[in-house]
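Asker:
Chains as they are written, first to last, in our numbering: chain A, 168 to 874; chain B, 168 to 874.
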């Protein structure tokens, strides 16, 4: 279960000198038969030891009755034995000196506590001799780089493997096979694909780490159901970034229904999606919805590393294709590049009026039979400084392959400056020769506009990432000592916030009218009055909140009314007194808060407050502590952000104060987390009232739960 | 340009007894060569007259030097002549007695005013002899029902056409060819496909009408850039509905960028997208984003007509596939059906604990080698009363074709009650034999989850449609006489609204403090004061609005302050006086309004009001007049709808009053439209303050523009 003491590096494990296939066979209805044949078919260069007590040779290779009969200890063994035979065989292999094993068999920890216990015994049996395990309940691995296929999927029944610098780690074996098959058909290859199964020993992060270090891998793809080691995940994300290797991820369990399915599938608990998403955004691990789109993006990134993708030029064979592309780009938040004068003039030589702009419909050519129109068009559109990428949307046309070749040639002209292109091949059979041309020239393509949009969105996210600054504790703020466990009322919560440097409204606890009038002199009108009782959760339901108290006379009468109302509505409630608060004005209400995610630790939350909280679900989640620039980006990315800018005659609001509040809260969260590792906490300010620029923001209600 | 006097019905035009191909050839580099060969290849049963002055025979058929040399007048002619030869040839064909012609040639109205003039002359030349035209600037037609192919696209180079009851009308020729090609590869056929081009004579609605009447068409697909005859569009939508034929539509120009592309492509102006969307929602024309998804939905609807699709059961070969499916269904707003006890018990016989629920992973089987597990699973999942559709998500697996056959068998068991299934074939080549099985059995499939979601969303929209009641003018309201053209200030706008039966707040125009105090006695405090001036657009910018005026003393001082402030900020403004208004309370602010869409006429709008208008863009657009039930559905579909229900201790708000206001506004819009046909108008109420149930809603600000 721990992967700490990995005696043999994964690099060696995944490139074994010899492989033993337990239960090898020539019978293609059996797992051992399919696996053995596939291994031989792809010309693995190392030694293969088929293990089968009933045969002397299999497909011409000398066959051994047991693992103990092989000439040397194999580096790798693979098996799909019935569950009750796995432990014994693994023990034998480990004792023999096998370095690693793949267990395909399922019904271990994926099938409940009894299976989990057995799985632990299997891992222990291997670990006793330093043997490492992949699986159980996995589909094995495919390593085109090493010509090593240890996977029985029918998807592997192909003439030859395509090697490409894309690594793929999958928590679902069936998806690995499926994606291998689909991507093979699109000319997409891999360096290594690994199905990690139950991750009893080696886990997803081990393989990601390997891919980061692997010279033959440039882009890392992953299908994830749950993260086993959050801290390692974060550390690896940083290493991938430092290595300049994009890490793409499809995460199942984004929704309630999805989580349930993931849970019933594997032994891994799907973590809190929002928390993981926040971490991924901070660390630039790109989350995608669909695994095939992820592979299409990987192919594009491999072809055009380190390119920024924001605005695209569309070149199409059909005005209709251009119109639909423009619609879909707009929905996806990708801009159409605005061509400059030179580009428009260049295009106007070849295109009718109104057609010499983005999107460009090559059908709108001015003269029939312009030679090499595709070359000129692609070159001009890509050469424009505003264009980051050329999106070639092809429909049926008299000579799709010819046009494809022209566009590709144009994209390779020096003026195009090596800018990325992505082809969208809308026809089926008619475009098959054109697809072949693209595969030959290593140019990325997809088959639908929806896939293109997913690729562009992911690419934009990755390439416009801004490395966060190291968070700095705000001036004049010291670490906050963690309070004792418990639920904190409004006053205690605000006191904790004030200690962390958050502005809170002035407040006094009073017990009667005279005390109230006395306190009002200090606080100043207008005032708010709230009943304070450990027994009353919803104060306004019992008439326990009074707003806009204008003067001493008003205060006395409103307090008397409140006492009467509360006594009637909650006769048994213990009344600690009444909280008299300065009524604060504000132009906008936000909600801010902190919580501890069980996997990823302290997080800060900011969003639309007041009645809008539940309505808009307009919230940014950020790992704590956070630097001011990232806090500002989060605030400016909220749906309510337009209300922070000058609006209907009033000036801009005090975003600096909001950012400062978030940063301070994030440090409070950090301190609470550090104070007692693993202790749970949750603090919510709603509303934080935001005033005009220079006038600050203030917390007027808060609650907290510690431990 | 008019299609009123269609002497020959389209049914006959699209099923001609003879076709003349102007410029026929054997040369496959020429349009006439490709078209002629394709026509012959698909075994058109009528007479073919190749026209080519230089040849006696072409591909063995007697060839004629001109249209005048053919033995009879052809029912149909097709040509792709250079533009300057089109008019003469059409005139000759019309004179010869041809009933219809297809003009492929472009650069007519699609290329500016000069082309438009020429196009009109061509239409006139045809009309002189009652000849009808398709195009120009089109790709022709494909009619598998009539074995008639008048289209040169390489997509038609297939061994045989697939006939299916799907009709397709396209404003883009290239998209027609593209979709024909792609759908052919998926086993999707058509009754008729028509590319309408510039619609100089016959237009999109003519062909939709034909498809509604056509016995061989069950589902109508359309790709639309702009609607030429909105009223006819609405009328046809109703006829399609009455005929039980779903009408699906992809509309280009949904966004600004899309509109620009559509505009530069054809001569048709993309209409206001929101207005068209409102009409489509009312008339149950299903809008989709992607044309391929539209065809996939059409195929599914043809296979399972008149089925309601809301909640689905997912059956998958992979837990990962199930998890991702559940996520995507949740995003798409499609539910997972909740199995009842009987289904769960039935599944539990075959599946491990925790796997006998929706989504079902057939890999989670309890016993290896259960025969026909797929049959039992599909039967149980579909038989469950909560299941409307079975979504079969297939990954690579040892025997995908076998499982596919089992699932299909299960779906045909009587217990499954003929419920729809949709297969998602995630692998590529490995699933090819399984795709063939599905095509043979006429079962719909798609290749990605994204496509499946688009199909399910469209199907749900269509099948859960509620036919609107006929709108009824509210009791006690008479037709509102249309006011004169002009921009109406707040008072005049509110007077117009009040005449239509809308509740507005009490208001008096005053000129000085004494008049104000006098009026206040009638209105009652608290009050609002607003400056009234034709020269001041934004009253609050000049200090021209005062709220919460508590008493006479306050009124005098606030009026004096306003006079000073306005005099300073807008010294030259003409001041008509000051509007003193009752300050109305309300729990929620909505915006309501009416406008005239240039294409679809009177419309009513309702949405989140106050500061939320621009923020949420939470608006429903509805054609006016509207019935109360539809108004209620629109209000309840708003993002702010949760605030109309009981919320944080307060009761529900007066939705009845909001509905009544919308209905009355919609009749006002109707009356304004009727009063002077084609006159533009726009009335906006913001905010409409909504109070607690039984306490009504009131318009507190309004403006209007008539003419």
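Every residue gets a Cβ at the ideal spot worked out from N, C-alpha and C, and that includes glycine.
In this text the structure is predicted, and so the values were computed from the model without any measurement.
#1: When you compare the stretch 646 to 661 of chain B with the stretch 487 to 494 of chain A, are there three or more beta-carbon pairs, one atom per stretch, that lie closer than 8 Å?
#2: Pull up the DSSP beta-bridge partners for residue 770 of chain A, would you.
#3: Residue 774 of chain A and residue 757 of chain A look like a contact to me (Cβ under 8 Å); what is the Cβ gap, rounded to whole Å?
#4: Does DSSP put residue 654 of chain B in a helix, a strand or coil?
#5: Output needed for residue 237 of chain B: all residues of its chain with C-beta closer than 7 Å, excluding positions within five of it in sequence on either side, in chain order.
#6: Taking just the CA atoms, how far does residue 614 of chain B sit from residue 467 of chain B?
#7: Interface residues of chain A around residue 180 of chain B at Cβ under 8 Å?
#8: Out of A/574, A/398, A/739, point me to the one whose CA is closest to residue 528 of chain A's CA.
#9: Among residues of its own chain, excluding the 5 on either side of residue 675 of chain B, which ones have a beta-carbon nearer than 6 Å to its beta-carbon?
#10: Could you compute how far the alpha carbon of residue 401 of chain A sits from the alpha carbon of residue 771 of chain A?
#11: Could you confirm whether any beta carbon from chain A is found closer than 9 Å to the beta carbon of residue 214 of chain B?
#12: Using the rule of at least 16 other Cβ atoms within 10 Å of the residue's Cβ for burial, across every protein chain shown, is residue 798 of chain A buried or exposed?
#13: Where in the stretch 303 to 336 of chain A do unbroken runs of the beta strand (DSSP E), each at least 3 residues long, occur, reported from the N-terminal end onward?
#14: If you pair each beta-carbon of the stretch 470 to 478 of chain B with each one of the stretch 592 to 602 of chain B, do three or more pairs fall below 8 Å?
#15: Skipping 5 residues on each side, what residues in its chain have a beta carbon closer than 7 Å to that of residue 572 of chain A?
#16: Would you mind reading off the limits of the beta strand (DSSP E) that contains residue 869 of chain A?
#17: By how many angstroms is the C-alpha of residue 371 of chain B removed from the C-alpha of residue 439 of chain B?
#18: Can you name, in chain order, every residue of its own chain whose Cβ lies under 8 Å from the Cβ of residue 806 of chain A, other than the five neighbours on each side?
#19: Listing by chain order, which chain A residues have their CB less than 7 Å from the CB of residue 322 of chain B?
#20: Can you give me the start and stop residues for the alpha helix (DSSP H) that residue 253 of chain A sits inside?
#21: Just to confirm my understanding: we take residue 606 of chain A, look at its own chain, exclude 5 residues before and 5 after, and list those with CB closer than 6 Å. What are they?
#22: Excluding the 5 residues preceding and the 5 following residue 243 of chain B in the sequence, name in chain order all residues of the same chain whose CB lies nearer than 6 Å to its CB.
#23: Let's test the definition: count the other Cβ atoms within 10 Å of the Cβ of residue 451 of chain A and tell me whether it reaches 16, buried, or not, exposed.
#24: Spell out the partners DSSP gives residue 483 of chain B in its beta bridges.
#25: With 7 Å as the C-beta to C-beta threshold (strictly closer), list the residues of the stretch 786 to 811 of chain B near chain A in chain order.
#26: Residue 159 of chain B touches chain A at which residues, Cβ-Cβ below 7 Å?
#27: Please classify residue 724 of chain B: is it buried, with 16 or more other beta-carbons within 10 angstroms of its beta-carbon, or exposed?
#28: Quick one: complete beta strand (DSSP E) runs, 3+ long, within the stretch 369 to 429 of chain B?
#29: What does a CB cutoff of less than 6 Å around residue 638 of chain B pick up in its chain, not counting 5 residues either side in sequence?
#30: Got a sec: is the Cβ-Cβ distance from residue 720 of chain A to anything in chain B below 9 Å?
#31: So if I threshold CB-CB distances at 8 Å, which residues from the stretch 387 to 406 of chain B count as touching chain A?
#32: Which same chain residues, not among the five before or five after residue 623 of chain A, have their C-beta less than 6 Å away from its C-beta?
#33: Kindly say whether residue 274 of chain A, judged by its beta-carbon, lies nearer than 9 Å to any beta-carbon of chain B.
#34: What residues in the stretch 497 to 520 of chain B have a beta carbon less than 9 Å from any beta carbon of chain A?
#35: Identify which residue in B/378, B/286, B/659, B/630 has its Cα closest to the Cα of residue 870 of chain B.
#36: Check whether the Cβ of residue 621 of chain A lies closer than 9 Å to any Cβ atom in chain B.
Answerer: In brief:
#1: no
#2: A/762, A/790
#3: 7 Å
#4: strand
#5: 187, 216, 231
#6: 14 Å
#7: Within chain A, no residue comes near residue 180 of chain B; the closest Cβ sits about 24 Å away, beyond 8 Å.
#8: A/574
#9: 686, 747
#10: 17 Å
#11: no
#12: buried
#13: 308 to 310, 315 to 317
#14: no
#15: 604
#16: 869 to 873
#17: 18 Å
#18: 775, 783, 785
#19: 563, 594, 597
#20: 250 to 263
#21: 354
#22: 183, 186, 267
#23: buried
#24: B/528, B/560
#25: 806, 807, 809, 810
#26: Examination of residue 159 of chain B is not possible in this model, given that chain B is present from 168 through 874 alone.
#27: exposed
#28: 386 to 391, 414 to 418
#29: 792, 793, 794
#30: no
#31: 390, 392
#32: 501
#33: yes
#34: 497, 498, 502, 503, 519, 520
#35: B/659
#36: yes
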